[in-house]
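Q:
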Amino acid sequence: MKISGAAGALSVFTGAVSYGMPGVILSLATESGAKIESLIPTQFLFSFVLFFMLSERQGNNTGTFHLRDKLLVFATGIPMLCITYFFYNAVHYIGVPASTLLMMQSAWIAPVLNAIIKRKALTRSEIISFIFIMTGVVISTGVFHGEATLNVQGLLWGLAAGVAYSLVIISSSNIANGVRVIDKAKLLTFGAFIASLFLFNKNIDIAPISESSLWSVINAVFSSILPVLLYGFGMPRTHSSLAGMLVTTELPAAFLFSYLLLSDAITSYQIAGCIIIILSIVAPLIISRFRNRSPVSHIPHQ
Numbered sequence: 010m011k012i013s014g015a016a017g018a019l020s021v022f023t024g025a026v027s028y029g030m031p032g033v034i035l036s037l038a039t040e041s042g043a044k045i046e047s048l049i050p051t052q053f054l055f056s057f058v059l060f061f062m063l064s065e066r067q068g069n070n071t072g073t074f075h076l077r078d079k080l081l082v083f084a085t086g087i088p089m090l091c092i093t094y095f096f097y098n099a100v101h102y103i104g105v106p107a108s109t110l111l112m113m114q115s116a117w118i119a120p121v122l123n124a125i126i127k128r129k130a131l132t133r134s135e136i137i138s139f140i141f142i143m144t145g146v147v148i149s150t151g152v153f154h155g156e157a158t159l160n161v162q163g164l165l166w167g168l169a170a171g172v173a174y175s176l177v178i179i180s181s182s183n184i185a186n187g188v189r190v191i192d193k194a195k196l197l198t199f200g201a202f203i204a205s206l207f208l209f210n211k212n213i214d215i216a217p218i219s220e221s222s223l224w225s226v227i228n229a230v231f232s233s234i235l236p237v238l239l240y241g242f243g244m245p246r247t248h249s250s251l252a253g254m255l256v257t258t259e260l261p262a263a264f265l266f267s268y269l270l271l272s273d274a275i276t277s278y279q280i281a282g283c284i285i286i287i288l289s290i291v292a293p294l295i296i297s298r299f300r301n302r303s304p305v306s307h308i309p310h311q
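Going by my numbering, the sequence shown runs without a break in its numbering and finishes at 311.
#1: How is the alpha helix (DSSP H) around SER64 delimited, first residue to last?
#2: With distance defined between alpha-carbon atoms, name the residue in ILE45, LEU37, SER64 nearest to LEU238.
#3: Whether or not the region 110-130 and the region 158-176 are in contact is what I'm after, with contact meaning three or more pairs of Cβ atoms, one per stretch, closer than 8 Å; do they touch?
#4: Could you spell out the range, first to last residue, of the alpha helix (DSSP H) harbouring ASN228?
#5: Could you say if the region 181-193 and the region 20-33 meet the contact criterion of at least three C-beta pairs nearer than 8 Å?
#6: Do you know how far the Cα of ILE103 is from the Cα of ALA169?
#7: At what residues does the alpha helix (DSSP H) containing PHE202 begin and finish?
#8: Identify, in the order they occur along the chain, each residue of the same chain with its Cβ nearer than 6 Å to the Cβ of LEU54, setting aside the five sequence neighbours on each side.
#9: Look at ILE7 and THR93 and say whether their C-beta atoms are less than 9 Å apart.
#10: For THR258, name the three-state secondary structure that DSSP assigns.
#11: According to the neighbour-count rule (16 or more other Cβ atoms, all chains shown, within 10 Å of its Cβ), is ALA274 buried or exposed?
#12: Below 9 Å between beta carbons: does that hold for PRO88 and SER180?
#13: With a cut-off of 8 Å, do at least 3 Cβ pairs link the region 212-220 to the region 40-47?
#14: Identify, in the order they occur along the chain, each residue of the same chain with its Cβ nearer than 8 Å to the Cβ of VAL58, setting aside the five sequence neighbours on each side.
#15: Express the C-alpha separation of LEU19 and LEU197 in angstroms, rounding to a whole number.
#16: Keeping to the same chain, check which residues put their C-beta closer than 6 Å to that of CYS91; ignore five residues upstream and five downstream.
#17: Helix, strand or coil for PHE299 per DSSP?
#18: Assuming LEU260 and ILE280 make a contact with CB atoms under 8 Å, what is their CB distance in whole Å?
#19: Could you compute how far the alpha carbon of MET254 sits from the alpha carbon of LYS211?
What follows is the structure, given as C-alpha cells:
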C-alpha cells in the first residue's frame, strides 16, 4: 500500500513538472521558425490519435458515458485549445516565468467560477488564500520597487489562459467522473483539434514529416499526454492534500526550465512572488489536513 502511495505521489509530481515545459517548448519552436498555426492543430491531432489507440487497446469497459456528457467533454476542447493559444501569446509578450505565474491564477479563478456556477459562497480561508495569491503576482511584477515592466497585452493573455485552464479543471472535476481518463482525454483532444480548425481556418499547415510537427509532438507529450496519464494514475493513489501540494511544483519547474533552456532572467521579485503563491496554495491544504485529523484515527487496529 505504501509503495502504491509513493508511486502515485511520484506520478503526480512528474506530471506537474511536465506542465512546466510547454512554454519553453513553444518558445524554442517559434525561434526555430515553426508557426503556431501548424503547431497547435498538429499537437492536438497527435494527442487524439494516441489516446484513441490507447482507448481501443484497453477495450470498452468505460462505464456509462452518456451522450450529454460526451458533448460537454467534446466542447471542453475549446478552452483546452485556448490554454495553449492564450499561453503562447502571453509568452510572446512577457516570457515563460511571468506567463506561468499568471496561468497559475487558476488556483483562485477555478474556485470562484465554481462558486458562481453552483451558487455558493466562498469560504473565508479561500478568500484569504486568493488575496495572498494576488499579492504574490503583484510582488512578482516589481511594482513595489518601481520596476514594474509587465506588458498589458501579456497580462491579459496570461490571465485569459488562467481562465481557460480553470474551465478545463471545472469540467474535468464535474463531468463523467465514472468514465476512464483516457476516454475523456480522447474526446477532449478531438474537440480541441476541431476547434483549432475553426480558429486558424485557411492558415493551417499540417505536415506529418516536418520540423514543425516534431515540435508539436514534443509539446503534446508534455502539455497533454504525460499530465493526463500521470495524473490519471497518481491522483487516485495520492491523498488530496498531498496531490494539491505536488501540483504547485509546476511553477518552480517552469522557472527552472526557462532559465536553463532559454536563459531567461529570473528576478528576485518573481522568485518571491512564486514562493508566496505556492505557500498560499499549500498552507490551506496543510491546515485543513491537520484540522480533519481525528484522534480515533491514531488508535492502532487490534
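Just so it is clear, CB atoms sit at the ideal spot from N, CA and C, and this is done for glycine as well.
A: Reading from the atomic positions:
#1: Position 55 of the sequence shown, counting from 1, holds the residue named residue 64. Counting along the chain, the alpha helix (DSSP H) containing SER64 begins and ends at 45-66.
#2: Residue numbering aside, residue 238 sits at position 229 when the sequence shown is read from its first letter. Ranking ILE45, LEU37, SER64 by Cα distance to LEU238 puts SER64 first.
#3: yes
#4: Locating residue 228 in the sequence shown gives position 219, counting from the first residue. DSSP places ASN228 in the uninterrupted alpha helix (DSSP H) bounded by 220-229.
#5: Because the criterion of three Cβ pairs below 8 Å is not met, the region 181-193 and the region 20-33 do not touch.
#6: Within the sequence shown, numbered from 1, the residue matching residue 169 stands at position 160. Within the sequence shown, numbered from 1, the residue matching residue 103 stands at position 94. Near 14 Å, if we compare the C-alpha coordinates of ILE103 and ALA169.
#7: Your numbering for residue 202 matches position 193 in the sequence shown. That run of the alpha helix (DSSP H) goes 190-209.
#8: Position 45 of the sequence shown, counting from 1, holds the residue named residue 54. Result list for LEU54: PHE202, in chain order.
#9: In the structure as shown, the chain begins at 10 and stops at 311. Residue 7 is therefore absent and cannot be evaluated.
#10: Along the sequence shown, one-based indexing puts residue 258 at 249. Three-state DSSP puts THR258 in coil, outside helix and strand.
#11: Locating residue 274 in the sequence shown gives position 265, where the first residue counts as 1. Under this definition ALA274 is an exposed residue.
#12: Position 79 of the sequence shown, counting from 1, holds the residue named residue 88. Position 171 of the sequence shown, counting from 1, holds the residue named residue 180. The answer is yes: Cβ separation under 9 Å.
#13: yes
#14: Here residue 58 refers to the residue found at position 49 of the sequence shown. Here the set comprises nothing.
#15: In the sequence shown, the residue the question calls residue 197 occupies position 188. In the sequence shown, the residue the question calls residue 19 occupies position 10. Answer to the nearest angstrom: the Cα atoms are 25 Å apart.
#16: Position 82 of the sequence shown, counting from 1, holds the residue named residue 91. Closer than 6 Å at Cβ, skipping near neighbours: ALA173.
#17: The residue you call residue 299 lines up with position 290 of the sequence shown. Here PHE299 sits in helix by DSSP.
#18: Residue numbering aside, residue 260 sits at position 251 when the sequence shown is read from its first letter. Residue numbering aside, residue 280 sits at position 271 when the sequence shown is read from its first letter. Rounded to the nearest angstrom, the Cβ distance from LEU260 to ILE280 is 11 Å, too far for a contact under 8 Å.
#19: Walking along the sequence shown from the start, residue 254 turns up at place 245. Walking along the sequence shown from the start, residue 211 turns up at place 202. Rounded to the nearest angstrom, the two C-alpha atoms are 43 Å apart.
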